Structures are given as structure tokens and as C-alpha cells.
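Notes to accompany the following structure.
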Amino acid sequence: MHLRAEFAFLALQELGPVIGFSLNLSPEIEALARSQASPLDWLHRRVRRELKAALGPSVPFLMAIEETDDHRRRLHLHGVLQLDLTTTRPEIITGAFRRAGGEWPKARQHQVKLTPSPDAGWISYALKDAWKTTPFMRRMLATSTLRVRFRGDVLSATADVWRAARLSYSVGRKLIVRGGAQPW
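Residue numbers (the UniProt record's numbering): 1 to 184.
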């Protein structure tokens, strides 16, 4: 999963400038997400729809879902989107994310955080608890307070990002299999 995310991140960077994001959900949207067979897929569609409405037809992005480690186990999202902050106003982006996550009536400034030009460490941060979501760990942690309480995947991306990531992976794999020989 981490390798897929790293290649997806590289694919986004190849498309242009990237912005990291964190999105906290409203209690209502979180409850609706948890009621879905795959909360992440449902949230992915909401984010895609709101980004499209605010910014146009295709904003490539990837995102991961995570629960907080506190007693509330609050769902939230971390991700990366390909946008240039020199040509896109940040308030348009945060507005789209707020609509997707269900707008908070108070402390709105803490609902969405944008991080310009995140490095590859951002993906490690976004997936820091993904190990808990593997089938083996879900079984092992089933009765533990560490278990995740949502179903489904932890990582999603738009189709164009996955296509570009697969291409980058296949090129990298060929280099490794050939013993690191220069392709040119």
C-alpha cells in the first residue's frame, strides 16, 4: 500500500505543483461515511464532486482515511492534489473541502489544512496507521482498543493518478530488474 501511494504521489508531482491537505469531517458526514460499505469510496466521490464543482472537470488527487487514536476515533482524511496555488485561490480549495466534509459551524479554520509542496514524507504521515487495516491486522486487533472501526480501503486516488503511477512503477521496476542499468 505504501509503495502504491508513493508512486501515486510521484505521478501527481509529475503532473505539476501539488498541495497536501487534511480534512476533518463534520459529525453528520462522518456518521454517513461510517454507514457505507466503504467510507473511503463514499468520501472520495464527495471530494471529487466538490472539487469538480469549484475548480473544473479534472483535479487529480489521492487521499487516505484515518481514525484518531483518542477515545472519539474520529475519521479524517489526508491527501495530495495537483493544483497550483499561484493560479488557484486557497479559499476556493478549502471551500470545496468543507462542503465535501460537511461544514463546521464553529472553528472552521481548523477543518481544512493545506500544505503547499509537501515532500514524500507526507505520504508516510497520511498512511501512518494503515498497517491496522490489512486483513491480517484487522483480525489480530479485532478485540483490541487499537482496532480500526471503519470498513473498506484506506487509500484512494483518481483514475488518472493510478494510470500514471502504474506507468512510473513499471519503468522503475524495469530499471531494478535490469540491475540499475541506465535506460538511455
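Backbone N, C-alpha and C fix where the C-beta goes; we use that ideal spot for every residue, glycine too.
These figures come from a predicted structure and were not determined experimentally.
Host beta strand (DSSP E) of residue i (start-end)
{"i": "H76", "result": "L75 to Q82"}
{"i": "E66", "result": "F61 to E67"}
{"i": "V18", "result": "V18 to N24"}
Cβ pair residue i, residue j closer than 8 Å
{"i": "L40", "j": "D153", "result": "yes"}
{"i": "I29", "j": "G121", "result": "no"}
{"i": "L81", "j": "F21", "result": "yes"}
{"i": "L114", "j": "I93", "result": "yes"}
{"i": "V18", "j": "P105", "result": "no"}
The alpha helix (DSSP H) enclosing residue i, as first and last residue numbers
{"i": "P116", "result": "No alpha helix (DSSP H) contains P116, which is instead part of the beta strand (DSSP E) from V112 to P116."}
{"i": "K52", "result": "P39 to L55"}
{"i": "A100", "result": "P90 to G101"}
{"i": "W122", "result": "G121 to A126"}
Chain-order list of residues whose beta-carbon lies under 6 Å from that of residue i (same chain, five-residue window excluded)
{"i": "N24", "result": "H76 and Q111"}
{"i": "F7", "result": "A165, S168 and Y169"}
{"i": "A64", "result": "H78, A126, L127, V154 and L155"}
DSSP beta-bridge partners of residue i
{"i": "residue 243", "result": "Absent from the model: residue 243. The displayed extent of the chain is 1 to 184, so no value can be given."}
Cβ-Cβ separation, residue j to residue i (assumed contact under 8 Å), whole Å
{"i": "L12", "j": "V161", "result": "6 Å"}
{"i": "L62", "j": "F9", "result": "7 Å"}
{"i": "R108", "j": "R98", "result": "7 Å"}
{"i": "L43", "j": "A31", "result": "Wrong, their Cβ atoms sit about 12 Å apart, outside the cutoff."}
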